[in-house]
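**Student:** Mind looking over this structure? Questions follow.
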Amino acid sequence: MEHRLELFSQYLKDTNVDAAFINSTENFFYLTGFHTDPHERLLGLLVFPEADPIAVLPGMEKGQIRDAGWTKEVIGYADHENPWQMMADKMKENGIANVKTVGIEKQVLSYGRSESFFELFENVKVEDIEGQLNNMRVVKDDHEIGIMKEAAELADFGVSVGVEALEEGTTEMEVLAKIEYELKKKGVAEMSFSTMVLFGEKSGQPHGNPGDRRLKPGDFVLFDLGVVWKGYTSDITRTFAYRSVSEEQKAIYNKVKEALEASLAISKPGTRIGDLDQVARDVITDAGYGDKFPHRIGHGLGINVHEFPSMSHLNDGVLKEGMTYTIEPGIYDPEVGGVRLEDDVLVTEDGYVTLTKTPKELRIIE
């Protein structure tokens with residue numbers, strides 16, 4: 001964390017930003033090593049070009065951030081105290097004055113909190129610091145990659161539990177409950193998003209909601225799930241056929257798999273990010289299913305399950321070694337059902353590896 005703070009402080013110095021306020025839980029974790037959900041209470045990190053940073057959080061969590069390894073200053077406030085005034089007092093005490101330019105996460109800091117924050121200064125210029133933080137987070141170090149591999153293994157395990165739970169007449173919610181129960185037993189405290197288990201025609205909804213739909217022969221079964229593990233996320237989708245599969249279902253499945261493989265094949269340093277989407281989209285469009293692939297090919301993956309960069313065909317950025325993201329083409333037909341296949345991908349020195357390992361060949365569950 002020290003190295004990350006040093007890099008960010010140097011960025012502030014190089015861009016003449018006198019103070020920055022980090023308000024998102026994700027960037028707070030990235031720079032402090034402490035992951036928490038403060039609910040409605042204020043959580044923040046003040047970072048300066050020269051002076052030591054100051055963490056601001058509910059006083060009841062002051063011991064936890066110390067346990068996480070944070071050795072810098074902490075403002076731990078009680079519910080009846082004003083953290084904004086405490087920040088002003090602490091900056092004055094530390095000799096931090098003449099602040100002319102401040103950095104904030106413009107997409108995160110609420111209007112109400114920005115009013116309170118800017119009352120600490122007079123006539124300041126505002127800079128958006130999210131781009132710098134995104135650029136720092138997009139390339140993972142070895143420690144982060146190790147955790148993400150573990151998170152992906154747990155996602156693979158979740159899919160295997162789901163497959164084992166399939167039997168005629170069971171509901172989507174019953175299978176979902178078994179997946180999450182077994183992951184809890186593995187130590188997973190939180191899923192990275194609402195788990196999807198979709199049967200039959202419901203698999204044709206890209207973001208369908210599991211319910212009481214019962215499994216029957218001939219159904220597609222779509223699992224989309226991920227875990228939060230040591231502050232990092234995973235995200236996997238696999239689609240199976242239950243007991244039987246039609247020729248149309250096979251054709252849809254094979255095209256999605258072909259699209260996934262086409263995108264993976266060009267995953268390497270220097271590849272234009274938008275091309276990953278385009279090559280997969282071309283496969284699906286050329287097969288006549290273009291209107292049934294309504295979303296981008298994937299998204300960045302790390303502390304957030306959806307983070308920078310957006311893997312759309314419009315993105316002119318390039319892949320770098322150490323980047324992690326998802327590749328998840330899909331074809332969705334509300335009558336036949338849908339197929340989505342998704343892997344978590346790590347860019348290596350000369351190519352890629354998939355962190356998720358569940359096989360992608362069409363499997364009929366007997």
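Numbering follows the UniProt record's numbering, with no gaps: position 102 of the sequence shown is 102.
Positions of the beta carbon are idealized from the N, C-alpha and C atoms, including for glycine.
What you are looking at is a predicted structure, and each value in this text was computed from that prediction instead of being measured.
Counting only runs of 3+ residues fully inside the UniProt domain "Creatinase N-terminal" (4-139), write out the beta strand (DSSP E) ranges in chain order.
**Tutor:** Listed in chain order, they are 19-22, 44-47, 54-58, 73-77, 101-104, 125-128.
**Student:** For the region 233-250 against the region 264-282, are there 3 or more C-beta pairs whose distance is under 8 Å?
**Tutor:** No, the region 233-250 does not touch the region 264-282.
**Student:** Check the DSSP bridge columns for Asp-344 and list the partner residues they point to.
**Tutor:** In DSSP, Asp-344 forms a bridge with Thr-326.
**Student:** Considering only the beta carbon of each residue, do Ile-129 and Glu-105 sit closer than 9 Å?
**Tutor:** Cβ atoms of Ile-129 and Glu-105: closer than 9 Å.
**Student:** So, under 8 Å CB-CB, Ser-203 and Gly-33 are touching, yes? Tell me the CB distance rounded to an integer number of Å.
**Tutor:** Actually they are not in contact, since the Cβ atoms of Ser-203 and Gly-33 sit about 39 Å apart, beyond 8 Å.
**Student:** For Ser-234, count neighbouring C-beta atoms within 10 Å of its own C-beta (all shown protein chains included) and say buried if the count is 16 or more, exposed if not.
**Tutor:** Burial call: buried.
**Student:** Ile-65 to Arg-214, Cα distance in whole Å?
**Tutor:** Roughly 46 Å between the two C-alpha positions.
**Student:** Grab me the residues of Pro-206's own chain with a C-beta within less than 8 Å of its C-beta, minus the 5 sequence neighbours each way, in chain order.
**Tutor:** The residues are Pro-294, His-295, Gly-330, Tyr-332, Gly-338, Arg-340.
**Student:** Please classify Val-197: does DSSP put it in a helix, a strand, or coil?
**Tutor:** Correct three-state label for Val-197: strand.
**Student:** Please report the Cβ distance between residue 367 and Glu-321, rounded to the nearest whole angstrom; I am assuming they are in contact, meaning their Cβ atoms lie under 8 Å.
**Tutor:** The structure shown does not extend to residue 367, since the chain spans only 1 to 366, so no value can be given for it.
**Student:** Could you give the first and the last residue of the continuous beta strand (DSSP E) run that contains Tyr-289?
**Tutor:** Per DSSP, Tyr-289 belongs to no beta strand (DSSP E) and is neither H nor E.
**Student:** Just the Cα atoms here: how many angstroms apart are Lys-360 and Thr-71?
**Tutor:** For Lys-360 and Thr-71, the distance between alpha carbons rounds to 46 Å.
**Student:** Could you name the residues that DSSP lists as bridge partners for Glu-190?
**Tutor:** DSSP lists Val-228 as partners of Glu-190.
**Student:** Check Ala-280 in the structure and name its three-state DSSP category.
**Tutor:** Helix at Ala-280.
**Student:** Give a yes or no on contact between the region 297-315 and the region 268-278, applying the rule of three or more CB pairs nearer than 8 Å.
**Tutor:** Yes, they touch.
**Student:** Since Gly-208 and Met-191 should fall inside the 8 Å C-beta cutoff, what is the C-beta to C-beta distance between them, to a whole number of angstroms?
**Tutor:** That belief does not hold up - the Cβ atoms of Gly-208 and Met-191 are roughly 16 Å apart, past 8 Å.
**Student:** Would you call Ile-54 buried or exposed, if buried means 16 or more other Cβ atoms sit within 10 Å of its Cβ?
**Tutor:** That one is buried.
**Student:** Excluding sequence positions up to five away, which residues of its chain have a Cβ less than 8 Å from the Cβ of Val-353?
**Tutor:** The residues are Val-345, Leu-346.
**Student:** For a minimum of 3 consecutive residues, which ranges assigned as the beta strand (DSSP E) are wholly contained in the region 203-267?
**Tutor:** As far as the region 203-267 is concerned, its whole beta strand (DSSP E) runs of at least 3 residues are 220-225, 227-229, 236-242.
**Student:** Using beta-carbon positions only, say whether Ile-297 and Glu-335 come within less than 9 Å of one another.
**Tutor:** No.
**Student:** Beta strand (DSSP E) containing Gly-298: first to last residue?
**Tutor:** 298-300 is the span of the beta strand (DSSP E), which, as asked, contains Gly-298.
**Student:** Assuming Glu-180 is part of the alpha helix (DSSP H), what are its boundary residues?
**Tutor:** Taken as a continuous stretch (DSSP letters only), the alpha helix (DSSP H) holding Glu-180 covers 172-185.
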